[in-house]
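Position one of the sequence shown corresponds to residue 11 (the working numbering), numbered consecutively onward. We put the CB at the ideal spot given by N, CA and C, even for glycine. Everything on this sheet refers to the single structure shown next.
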Amino acid sequence: MIYKVTKNEQLNTCLDIIHKSFQTVADDMNLTKENCPSHTAFMPLEKLQNQFKNGNSMFLYDYNNAIVGYFSLSLNDGIAELNNLSVLPKYRHLGIGKELVDCAADYSKNTLGINKIKIGIIEENTVLKEWYKALGFVHTGTRKFEHLPFTVGFMELEL
Numbered sequence: 011m012i013y014k015v016t017k018n019e020q021l022n023t024c025l026d027i028i029h030k031s032f033q034t035v036a037d038d039m040n041l042t043k044e045n046c047p048s049h050t051a052f053m054p055l056e057k058l059q060n061q062f063k064n065g066n067s068m069f070l071y072d073y074n075n076a077i078v079g080y081f082s083l084s085l086n087d088g089i090a091e092l093n094n095l096s097v098l099p100k101y102r103h104l105g106i107g108k109e110l111v112d113c114a115a116d117y118s119k120n121t122l123g124i125n126k127i128k129i130g131i132i133e134e135n136t137v138l139k140e141w142y143k144a145l146g147f148v149h150t151g152t153r154k155f156e157h158l159p160f161t162v163g164f165m166e167l168e169l
């Protein structure tokens, strides 16, 4: 079951899911707090609190009474941005990530009235890029940021 985060008190749970999920990516890419402090695996609670205060729509996934997934949506120029899609490692390959993306698409289109979702990923993470492509996302470009030790890939999904 997917449900919307409605209370500030739920943010610690959200952050725990984000940290544990993105730590596997950090480990695979050799990212640390020292060489990539802004990576999602190291996100401070204050950043999540600010996103919540700024009106980002946040969702949790409950799997048999265990919170195992998370994502948020922010709006920018009439496009929804899918942020921090997270599934705990133990619960991957069960279709939960696809359910979260489907929920994000449905909420964006039917609640927010948005016709496009965009995401940013680590371009070098080809497995993740191919997973998003299989869900209908189209690769739209890349950008190298000076403060990041990887290239950011951009993808979009027309709704």
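- Proximity to D72 across K14, V162 and L138 peaks at K14, based on C-alpha coordinates.
- Remark: C-beta atoms of T150 and F164 approach each other more closely than 8 angstroms.
- T23 has its alpha-carbon roughly 24 angstroms from the corresponding atom of L138.
- With distances taken between CA atoms, S67 lies nearest to C113 out of C113, N135, K143 and L145.
- Of all C-beta pairs linking the region 86-104 to the region 121-131, three or more are shorter than 8 angstroms, placing the two stretches in contact.
- Secondary structure of D72 (DSSP, three-state): strand.
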